[in-house]
Structure formats: C-alpha cells, structure tokens
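Visitor:
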Amino acid sequence: MPFLKGIDLGLIKVENIRVFAYHGCLKEETKIGSDYRVDLQVKANLQPSAKTDTLSDTVDYVLLNRIIKEEMAIPSHLLETVCKRILKRIFIEDSLVEKATVWVSKLNPPIGGDVEKVTIKITKKRKK
Numbered sequence: 001m002p003f004l005k006g007i008d009l010g011l012i013k014v015e016n017i018r019v020f021a022y023h024g025c026l027k028e029e030t031k032i033g034s035d036y037r038v039d040l041q042v043k044a045n046l047q048p049s050a051k052t053d054t055l056s057d058t059v060d061y062v063l064l065n066r067i068i069k070e071e072m073a074i075p076s077h078l079l080e081t082v083c084k085r086i087l088k089r090i091f092i093e094d095s096l097v098e099k100a101t102v103w104v105s106k107l108n109p110p111i112g113g114d115v116e117k118v119t120i121k122i123t124k125k126r127k128k
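Using full-length UniProt numbering, the letters of the sequence shown map in sequence onto residues 1 to 128.
(1) So, with DSSP's three-state summary, where would you put residue 130?
(2) Let me check understanding here. Comparing Cα to Cα, which of Lys27, Asp35, Lys31 lies closest to Val19?
(3) In this structure, how does DSSP classify Asp35 when only helix, strand and coil are distinguished?
(4) Look up Leu64 in the DSSP assignment and say whether it is helix, strand or coil.
(5) Indicate whether Glu15 and Asp53 have their beta-carbon atoms separated by less than 7 Å.
(6) Can you tell me whether Glu28 is buried or exposed? The criterion is at least 16 other CB atoms within 10 Å of its CB, across all chains shown.
(7) Please confirm if the stretch 115-128 is in contact with the stretch 84-98, defined as three or more CB-CB distances below 8 Å between the two stretches.
(8) Round the Cβ separation of Ile111 and Ile86 to the nearest angstrom and send it over; I've been treating them as touching at under 8 Å.
(9) Helix, strand or coil: which one does DSSP assign to Leu9?
Here you go:
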C-alpha cells in the first residue's frame with residue numbers, strides 16, 4: 001500500500017518488551033546472554049479498523065510482538081542488525097504499516113562503567 005497522502009495515520013506502540021538474548025561482539029556476551037528491552041512504534045491508517053472493529057483491518061500487535069521475539073532470538077554482533085531484521089519482517093508481514101521505529105536496548109552493557117542501557121533506534125518508511 002503506498003503512503004497515503006491526506007490520511008491521518010494512527011500510532012500503535014508496543015513498549016518494554018523484555019527479552020533475554022545473546023547479542024554482542026564479545027564471546028562472553030554470546031555465551032552468557034543479556035537482558036534486552038525492545039520498544040516499537042508503527043504508523044498505519046487505523047480509520048478502517050476504527051469503523052469495522054475487525055482485527056484484520058488493523059495492525060496486529062500480537063504479530064509485532066512475535067516478530068520481535070523471533071528476531072531477538074537470532075544472535076548478532078550488533079544491535080543495528082537486529083533492528084534492521086525486525087523492521088524488514090514487519091514490512092514484509094504487515095502491509096498496513098507505513099512507518100515503523102524500533103528501539104533495542106541492551107540493559108547493563110559490559111562497557112566498563114555503571115551504564116543502565118545502550119539503545120539503538122532505527123526508523124523505516126514503506127517505499128512508495
């Protein structure tokens with residue numbers, strides 16, 4: 001579906017998805033694993049679903065959550081790679097999504113200091 005000019009896009013947020021995963025450049029990170037937080041924001045035309053009250057007319061956030069959990073389960077060196085994979089699958093699997101932003105945060109990263117989290121944020125728009 002091409003980007004809809006003149007249509008007010010709605011916003012769906014799926015926030016604070018907690019995942020244990022094995023991402024990182026250090027061998028220890030891929031063996032021991034770490035806690036992660038993922039946040040997602042998608043924009044889509046929610047007008048049809050607001051009228052019909054039908055799940056098939058909207059973005060299913062159960063699907064979004066499943067995509068995030070499945071992609072987080074695939075070990076990667078970089079969080080940037082994980083973000084890109086999540087976004088790619090969202091655009092493939094849900095044609096209603098026009099724009100999406102994903103934040104992947106590594107909690108308590110092993111970077112030699114008292115750091116709460118490191119976050120990568122990437123935004124993607126559907127091509128016209």
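Don't be surprised by glycine CBs; every beta carbon is placed ideally from N, CA and C.
Guide: Concretely, from the data shown:
(1) The chain is shown only over 1 to 128; residue 130 falls outside these bounds and no answer can be derived.
(2) The option with the nearest alpha carbon to Val19 is Asp35.
(3) In the structure shown, Asp35 sits in a strand (DSSP, three-state: E or B).
(4) Secondary structure of Leu64 (DSSP, three-state): helix.
(5) No, the Cβ-Cβ distance between Glu15 and Asp53 is not below 7 Å.
(6) Flag for Glu28 reads exposed.
(7) Enough Cβ pairs lie closer than 8 Å, so yes.
(8) Not a contact, Cβ separation roughly 23 Å.
(9) Taken through DSSP and simplified to helix, strand or coil, Leu9 comes out as coil.
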